[in-house]
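Enquirer: To convert, count from 1 in the sequence shown and add 2; that's our numbering.
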Amino acid sequence: MRSPNSMLSVRNIGVQLFPRQLDYFLDAYRQATKHPYGYLVIDMHASSDPTLRLRTNIFKDDEEKLIFIPKNDKI
């Protein structure tokens, strides 16, 4: 169960990392964590491809790899 405080923390991270795309970040978080033990990988390394910033199911045993891309595709 998610507490209001934990969701506020997630929102604060989103505001800092994706200030103009908060909805994109929060939607990716919700989708990635809707199942038990769900996770969202946030890759902010300078040399990383911007389209691969938000991912989930990255391990080889995961059936489906997911990459979250903004609807307007502007990162």
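C-beta: ideal position from N, C-alpha, C; glycine also.
Just so we're clear, the structure is a prediction, and the values are computed from it rather than from any experiment.
What is the rounded straight-line gap between the Cα of VAL17 and the Cα of PHE27?
Expert: If you draw a straight line from the Cα of VAL17 to the Cα of PHE27, it is about 9 Å long.
Enquirer: Quick check on this structure: which residue in ARG22, MET9, GLU65 has the alpha carbon closest to the alpha carbon of ASN74?
Expert: ARG22
Enquirer: Could you spell out where the beta strand (DSSP E) holding PHE61 opens and where it closes?
Expert: Here PHE61 belongs to no beta strand (DSSP E), and DSSP marks it neither H nor E.
Enquirer: Output the distance between the C-alpha atoms of ASP51 and SER11, rounded to the nearest integer angstrom.
Expert: 25 Å
Enquirer: For GLU66, which residues from the same chain have a beta carbon less than 7 Å from its beta carbon, with the 5 sequence-adjacent residues on both sides left out?
Expert: ASN59
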